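Student:
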Amino acid sequence: MSDIFSFMFYPFAAALLLTGIHTYLGIHVLRRNIIFVDLALAQISALGATVAFMLGHAPQSAGAYGYALTFTLAGAVLLTLSRGWGGRVSQETFVGVIYVVSAAAAFLLVDKAPQGAEHIKQLLVGSLLTVDSHDLVRLALLYGAVGAFHWLFRKRFLAVSFEPDAARRQGARLWLWDFLFYASFGVVVTSSVAVGGVLLVFSFLIIPAAIGALYFTRIAARLAAGWLMGTLASSLGLGASFAWDLPTGAAMVCAFGAMLLVSALVKPLITAPRSLKKTVARGFVAMGAVAVAAVLALSSLWLMIKPRADHPVLDLMEASLPAVRMAFLSRAEIELMNDASRDAEHYRQEAQKLNGMERDSRWHGAELSDYELQRLSSYTKSFQEMRNGELFVQKEMRNKARERQSWALGIPVLAVSLAVLGIVWPLRRRSP
Amino acid sequence: MLFCLLTSSLPALAAGKISVVATTPDLASLAREVGGDLIETVALTQSSNDPEAFQPRPADVIKLKSAQLVVRVGADFDLWLDRLLSQAGNANLMKGAVGYVDTSAGVALVEVSAASLGTSGHAHGAGNPHYWLDPHNAEAITGSILEGLARIDPSHGRRYESQRNAFLSSLGERLKTWEARLAPLRGVSVIAYHNAWPYFARRFRLNVVDYIEPKPGIPPSPAHLARLLGRMKDEHIRIVLKDPFESPRIPDMLASRAAGAVVVLAPTVGAVKQADDYIGLFDYNVDALAQAWAARR
Numbered sequence: 001m002s003d004i005f006s007f008m009f010y011p012f013a014a015a016l017l018l019t020g021i022h023t024y025l026g027i028h029v030l031r032r033n034i035i036f037v038d039l040a041l042a043q044i045s046a047l048g049a050t051v052a053f054m055l056g057h058a059p060q061s062a063g064a065y066g067y068a069l070t071f072t073l074a075g076a077v078l079l080t081l082s083r084g085w086g087g088r089v090s091q092e093t094f095v096g097v098i099y100v101v102s103a104a105a106a107f108l109l110v111d112k113a114p115q116g117a118e119h120i121k122q123l124l125v126g127s128l129l130t131v132d133s134h135d136l137v138r139l140a141l142l143y144g145a146v147g148a149f150h151w152l153f154r155k156r157f158l159a160v161s162f163e164p165d166a167a168r169r170q171g172a173r174l175w176l177w178d179f180l181f182y183a184s185f186g187v188v189v190t191s192s193v194a195v196g197g198v199l200l201v202f203s204f205l206i207i208p209a210a211i212g213a214l215y216f217t218r219i220a221a222r223l224a225a226g227w228l229m230g231t232l233a234s235s236l237g238l239g240a241s242f243a244w245d246l247p248t249g250a251a252m253v254c255a256f257g258a259m260l261l262v263s264a265l266v267k268p269l270i271t272a273p274r275s276l277k278k279t280v281a282r283g284f285v286a287m288g289a290v291a292v293a294a295v296l297a298l299s300s301l302w303l304m305i306k307p308r309a310d311h312p313v314l315d316l317m318e319a320s321l322p323a324v325r326m327a328f329l330s331r332a333e334i335e336l337m338n339d340a341s342r343d344a345e346h347y348r349q350e351a352q353k354l355n356g357m358e359r360d361s362r363w364h365g366a367e368l369s370d371y372e373l374q375r376l377s378s379y380t381k382s383f384q385e386m387r388n389g390e391l392f393v394q395k396e397m398r399n400k401a402r403e404r405q406s407w408a409l410g411i412p413v414l415a416v417s418l419a420v421l422g423i424v425w426p427l428r429r430r431s432p
Numbered sequence: 433m434l435f436c437l438l439t440s441s442l443p444a445l446a447a448g449k450i451s452v453v454a455t456t457p458d459l460a461s462l463a464r465e466v467g468g469d470l471i472e473t474v475a476l477t478q479s480s481n482d483p484e485a486f487q488p489r490p491a492d493v494i495k496l497k498s499a500q501l502v503v504r505v506g507a508d509f510d511l512w513l514d515r516l517l518s519q520a521g522n523a524n525l526m527k528g529a530v531g532y533v534d535t536s537a538g539v540a541l542v543e544v545s546a547a548s549l550g551t552s553g554h555a556h557g558a559g560n561p562h563y564w565l566d567p568h569n570a571e572a573i574t575g576s577i578l579e580g581l582a583r584i585d586p587s588h589g590r591r592y593e594s595q596r597n598a599f600l601s602s603l604g605e606r607l608k609t610w611e612a613r614l615a616p617l618r619g620v621s622v623i624a625y626h627n628a629w630p631y632f633a634r635r636f637r638l639n640v641v642d643y644i645e646p647k648p649g650i651p652p653s654p655a656h657l658a659r660l661l662g663r664m665k666d667e668h669i670r671i672v673l674k675d676p677f678e679s680p681r682i683p684d685m686l687a688s689r690a691a692g693a694v695v696v697l698a699p700t701v702g703a704v705k706q707a708d709d710y711i712g713l714f715d716y717n718v719d720a721l722a723q724a725w726a727a728r729r
């Protein structure tokens, strides 16, 4: 238990820090409509780190950080200039080009370096799990400084992001504040990508801010909602990663995505006036019924067209209710199928036993000679082949059942789901 | 550029040397031991890169066009060679032709599986491909290379054979010293980053109990890491093996929490500077392991 706690504490604290700063920056990024700017800046800074690496600076040394920072600032200058070019082409175009070119350039460079592939992978998935107390303190200080800087000059920063034209008319130096925004943003992203990886940092940046924007217009309210939902999504993602044995970064990104989906789905229910809540709820139920009926109608059609193909909906039904398949097989066929599944499991265990014997012989007891190893391998292979044979029998029985289900199950399910569609579809239209 | 590449391979032809292309630096090193100065050998993958994740480039096709012998690891390790060979269109190097050597042919592989693809029942039982990491397997590997060289250059068959025998006898001598140095580690439990060391473990009687990444390329889950750490503490596992291409972050974390040490082993010739040929590879690896074991807390 203490191991679990010690494994999850620092990653969770780091996730909270990441949520804190990125939700705020995300509100700016969404408003400026430069969604992929974090990828571009992260990639430029990675290019700088790669150049440092090629010149012999150790990763995470002062030299490496200096190069990364210099490249990031150069990227900030490029992005600042790109606002002026944005007349005919959207600014996102330049952001995309910066990202793609710096990624490709980094590839060209690391091609010659050891750990090159690892370097690129690290950039993508990060390693939130290995955050330690030093990383945490460093992140807290850095994000705190950037946050304080933005709080101090909040009026300027918000003005150039939200009302650039008004700010220009009032004589604000747009380019200076743009540059300061991109530079501070780049400094944050450089550190956070090293910790969380590009995919996760993108989620931290965009998703909580988007949920905030979905429900509120005031900045403070957006920020509060984003922080709340970001914390919730981080906890769920980390929890799921631990409980279900999943890679942490990927689990968290999916948790953030699910959070956005749910927030968008329930929005009409939450924001509707009290008097309309019932109607909206009814509309939801109708929509759900339409979706289920449509899926059932399509899969029964597919079952009639190609009974031997994959049928995920039917698989799901049979897994929870075996009778759906068994009803279409004779007693002898069911027996054959049960025998096959029993034998398949038996052969799997035998093969596993032999593999275990070989593994143990590597380090204790009598050594296996090459000849003995080859003989053992050929037995293992035979068991695996026999298992495959039994799996094939099971599949054949399934296909036999599917051919019989094709019309007998396909026509009634299609009829019922079409009837449901016919009844519910008009109801749906009456709801707002 | 094409012209430069073509001319750069000319000296080999001019000197009348047999041009050999190996997929990995290990096979190139072993081919050099058999062929001596009668052959000119290049490795397609560089030691600085992970050979399994290799991305072929145009120059590789040109190397294969002019080569007389190609030597591959096989066992699904260097599948990318198939496409390169068909692009190069060199009839002598095609599977089964005189200039084609798959060194896995004579090796007893571990972890074979009969992975039937769909209902066709087509089996390809590859097995773990890191077999060159058992020095004992050099006998079978150099045997395949010798056969290949004797096929395309029969007039020097005797010389290849005696060069191979000389190499094998000095390797045999070294193997005795290596086994003696690693004798204290017999039966010792270790954790590895990937499942790349079964042959090495089998030769030197190490017990690789688990891996940081059981599925290569998929980051480990926190639950898996907690299990690993628990095992390291309970079973007093002191050593975590990784290669120079693998990220040090997780091995370092595990080692520091379980009072263990991370040992960087070279999986291929040239992966570290000291491992400059096949014998140097084991010199380095044996040394690194023995030192880490002696210095354990």
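These protein sequences, in sequence, are chains U and B. Heads up: the first sequence at position 64 corresponds to 64 in the working numbering, and the numbers run straight through without jumps. Heads up: the second sequence at position 88 corresponds to 520 in the working numbering, and the numbers run straight through without jumps. Where is the CB? At the ideal position from N, CA and C, for every residue including glycine. Every value quoted in this text rests on a predicted model; they were computed, and no experiment measured them.
Looking at the structure shown, is residue 411 of chain U part of a helix, part of a strand, or coil, going by DSSP?
Tutor: helix
Student: Could you spell out the range, first to last residue, of the alpha helix (DSSP H) harbouring residue 293 of chain U?
Tutor: 277-305
Student: Identify which residue in U:409, U:107 and U:281 has its Cα closest to the Cα of residue 313 of chain U.
Tutor: U:409
Student: Using the Cβ count rule (16 or more neighbours within 10 Å means buried), how would you classify residue 595 of chain B?
Tutor: Flag for residue 595 of chain B reads buried.
Student: By a C-beta neighbour count over all protein chains shown, 10 Å radius and 16 as the cutoff for buried, is residue 667 of chain B buried or exposed?
Tutor: exposed
Student: Could you list which residues in chain B have their beta carbon closer than 9 Å to that of residue 352 of chain U, in chain order?
Tutor: Within 9 Å Cβ-Cβ: nothing; residue 352 of chain U doesn't reach chain B, min ~11 Å.
Student: For residue 462 of chain B versus residue 573 of chain B, is the C-beta spacing smaller than 8 Å?
Tutor: yes
Student: Using the three-state DSSP reduction, which class does residue 597 of chain B fall into: helix, strand or coil?
Tutor: helix
Student: With distances taken from CA atoms, which of U:168, U:248, U:161 and U:388 is nearest residue 197 of chain U?
Tutor: U:248
Student: Do you know offhand how far residue 489 of chain B's Cα is from residue 105 of chain U's?
Tutor: 16 Å
Student: Once the 5 residues before and after residue 521 of chain B are set aside, which same chain residues still bring their CB inside 8 Å of it?
Tutor: Once the five neighbours on either side are set aside, the close Cβ partners of residue 521 of chain B are 497.
Student: Can you find a C-beta in chain U that's less than 8 Å from the C-beta of residue 541 of chain B?
Tutor: yes
Student: Counting contacts by CB-CB distance shorter than 8 Å, is residue 127 of chain U in contact with chain B?
Tutor: yes
Student: In this structure, does DSSP put residue 75 of chain U in helix, strand or coil?
Tutor: helix
Student: Between which two residues does the alpha helix (DSSP H) carrying residue 38 of chain U extend?
Tutor: 37-54
Student: What is the DSSP secondary structure of residue 456 of chain B, counted as helix, strand or coil?
Tutor: coil
Student: What is the DSSP secondary structure of residue 477 of chain B, reduced to helix, strand or coil?
Tutor: coil
Student: Can you tell me the Cβ-Cβ gap for residue 561 of chain B and residue 615 of chain B, rounded? I've got them flagged as a contact below 8 Å.
Tutor: Between residue 615 of chain B and residue 561 of chain B the Cβ distance is about 28 Å, and since that is not below 8 Å, they are no contact.
Student: Given residue 607 of chain B, which residues of its chain have a CB within under 6 Å of its CB, disregarding the five upstream and five downstream residues?
Tutor: 567
Student: Enumerate, from N- to C-terminal direction, the unbroken alpha helix (DSSP H) stretches of 4 or more residues contained entirely within the stretch 648-683 of chain B.
Tutor: 654-666
Student: What are the residues of the stretch 304-322 of chain U that lie near chain B, defined by any Cβ-Cβ distance shorter than 7 Å?
Tutor: none
Student: Which chain U residues are close to residue 664 of chain B, counting only those with a beta carbon under 7 Å from its beta carbon?
Tutor: Under the 7 Å cutoff, chain U gives no residues; its nearest Cβ is about 11 Å from residue 664 of chain B.
Student: Could you tell me whether the stretch 37-49 of chain U touches the stretch 58-76 of chain U, where touching means 3 or more Cβ pairs closer than 8 Å?
Tutor: Yes: at least three Cβ pairs fall under 8 Å.
Student: Can you round the beta-carbon distance between residue 245 of chain U and residue 655 of chain B to whole angstroms, since I take them to be within the 8 Å contact cut?
Tutor: 5 Å
Student: Using a Cβ-Cβ cut-off of 6 Å (strictly less than) and excluding sequence neighbours within five positions of residue 143 of chain U, which residues of its own chain qualify?
Tutor: 17 and 21
Student: Within 8 Å of any Cβ in chain B, is that where the Cβ of residue 8 of chain U sits?
Tutor: At least one chain B Cβ lies under 8 Å of residue 8 of chain U.
Student: Can you list, in chain order, the residues of the stretch 64-95 of chain U whose Cβ is nearer than 9 Å to any Cβ on chain B?
Tutor: none
Student: Could you give the residue range of the beta strand (DSSP E) that holds residue 621 of chain B?
Tutor: 621-624
Student: Less than 7 Å between C-beta atoms, sequence neighbours within five positions excluded: which residues of the same chain meet that for residue 524 of chain B?
Tutor: 500, 530 and 531
Student: In chain U, what lies closer than 8 Å to residue 682 of chain B by C-beta?
Tutor: Under the 8 Å cutoff, chain U gives 127, 129 and 130.
Student: Assign residue 157 of chain U to one of two classes, buried (16 or more other C-beta atoms within 10 Å of its C-beta) or exposed (fewer than that).
Tutor: buried
Student: State yes or no: is the beta carbon of residue 400 of chain U nearer than 8 Å to at least one beta carbon in chain B?
Tutor: no
Student: For the stretch 373-380 of chain U against the stretch 355-365 of chain U, do three or more pairs of beta-carbon atoms, one drawn from each stretch, fall closer than 8 Å, so that the two count as touching?
Tutor: yes
Student: Quick one, are the C-beta atoms of residue 672 of chain B and residue 694 of chain B less than 8 Å apart?
Tutor: With respect to residue 694 of chain B, residue 672 of chain B sits close: the two C-beta atoms are nearer than 8 Å.
Student: For the stretch 654-679 of chain B, list every residue whose C-beta sits within 8 Å of some C-beta in chain U, in sequence order.
Tutor: 654, 655, 656, 657, 658, 661, 662, 676, 677, 678 and 679
Student: So the candidates are U:218, U:120 and U:188; which of them puts its Cα closest to the Cα of residue 149 of chain U?
Tutor: It is U:188 whose Cα lies nearest to the Cα of residue 149 of chain U.
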